[in-house]
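Throughout, the numbering used here is defined as the position within the sequence shown, counted from one, plus 36. Virtual Cβ for every residue (Gly too), placed ideally from N, Cα, C. Computed from a prediction, not measured in an experiment: that's the story for all the values here.
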Amino acid sequence: QVQLVESGGGLVQAGGSLRLSCAASGITFSRYTMGWYRRAPGKQRELVVDISSGGGTNSANSVKGRFAISRDNAKNTVYLQMNSLKPEDTAVYYCNARLPSSSYWGQGTQVTVSS
37 QVQLVESGGG LVQAGGSLRL SCAASGITFS RYTMGWYRRA PGKQRELVVD
87 ISSGGGTNSA NSVKGRFAIS RDNAKNTVYL QMNSLKPEDT AVYYCNARLP
137 SSSYWGQGTQ VTVSS
């Protein structure tokens, strides 16, 4: 059974930082592209940043220079370091694990940035 469990969300003031974690089980973690997505109120879910099995990353323009993704294959965990947070970063953040043939989602963690 595949599980992706996010943690680290919460309430932070604008300009602050948060670190999200996603612990995976039930998959061969190192093979998967791992990503962070978010869904803001009234908007569609969008890619924030992802990291391939080889370590290459792809991020949304809105977070470049502020957010960084990393992975620890020994711990089956992917991280999202979020700095210089803005109110518009408020959203539910979801962890995703994908291969061409499969895709799995976590339950999401709320991030709220107050102005």
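- N132 carries a strand assignment under DSSP once its states are collapsed to helix, strand and coil.
- The residue among Q143, K100, V114 with its C-alpha nearest the C-alpha of S89 is V114.
- Rounded to the nearest angstrom, the Cβ distance from G62 to D86 is 19 Å, too far for a contact under 8 Å.
- For Y115, the enclosing beta strand (DSSP E) covers residues 113-118.
- The Cβ-Cβ distance between P77 and T126 falls below 9 Å.
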